[in-house]
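Residue numbers (our numbering): 841 to 1034. Structure, as structure tokens:
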């Protein structure tokens, strides 16, 4: 790796990390309320890092998001349930790290070069976003189903359908958004890197 490329990678990693910090701390930049939904778009930044820089950098940027989520659950929770579920790093940090790992491996290693770059980026975006949604909600169900059901004021037997509804509304919208935005933003950055 030449010095110019290494410098570009470090600068881009710093910029994407700064964007993650801004998205998680300034309202409406990372979490967009649309009617009853609250769409997360922060995963797109992690996916871009993964596609353009690779799995290690994608994991770092995702880890920064996860650490901020973890710390905020203690000092400035974003919801009444956050101090219960996001103080567990398996829920706040691990899924965010894995977004970068999954998106990078899907784009760089798993998908065939026969597919166009744009299609590979879209699929990486979709699977990276799904990684976050499925792991966060799945781990909440696994570890905190009773407190979460109490928070939602519902019977335990209705919690799984409620979580699946979140996947079907927020999750699907976030997946579509990630699949569209990942190639639009990643393609020019990848060209600059090369």
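Glycine residues also receive a C-beta, built at the ideal position from the N, C-alpha and C atoms. Note that the coordinates shown come from a computational prediction; the quantities given were computed from them, not determined experimentally.
- Scanning 881, 894 and 924 for the CA closest to the CA of residue 1029 turns up 894.
- According to DSSP, residue pairing for residue 873 in a beta bridge involves 878.
- By the 16-neighbour rule on beta-carbons within 10 angstroms, residue 944 is buried.
- Beyond the five residues adjoining it in sequence on each side, residue 965 comes within less than 6 Å, by CB distance, of 887, 1018, 1019 and 1022 in the same chain, given in chain order.
- For residue 868, there is no enclosing alpha helix (DSSP H), since its DSSP letter is neither H nor E.
- Contact check for residue 969 against residue 1014 passes: the beta carbons are separated by less than 8 Å.
- The C-beta separation of residue 972 from residue 936 comes to about 7 Å, placing the pair in contact by the 8 Å criterion.
- Your pair residue 1002 and residue 994 checks out as a contact, with CB atoms roughly 6 Å apart and the cut at 8 Å.
- Between the stretch 975 to 994 and the stretch 917 to 930, the count of C-beta pairs closer than 8 Å reaches three or more; the two stretches touch.
- In the structure shown, the three-state DSSP call for residue 1016 is helix.
- In the structure shown, residue 951 falls within a coil segment according to DSSP collapsed to helix, strand and coil.
- Take residue 869, set aside five residues on each side of it, and the residues of its chain with a beta-carbon closer than 7 Å to its own are 862 and 863, in chain order.
- A direct Cα-to-Cα measurement between residue 946 and residue 865 gives close to 29 Å.
- Residue 926 has its alpha-carbon roughly 9 Å from the corresponding atom of residue 980.
- A straight-line Cα-Cα distance of about 31 Å links residue 856 and residue 982.
- Excluding residues up to 5 positions away in sequence, 860, 864, 882, 886 and 936 lie with their Cβ nearer than 7 Å to the Cβ of residue 905 in the same chain.
- In this chain, the alpha helix (DSSP H) harbouring residue 991 covers 957 to 991.
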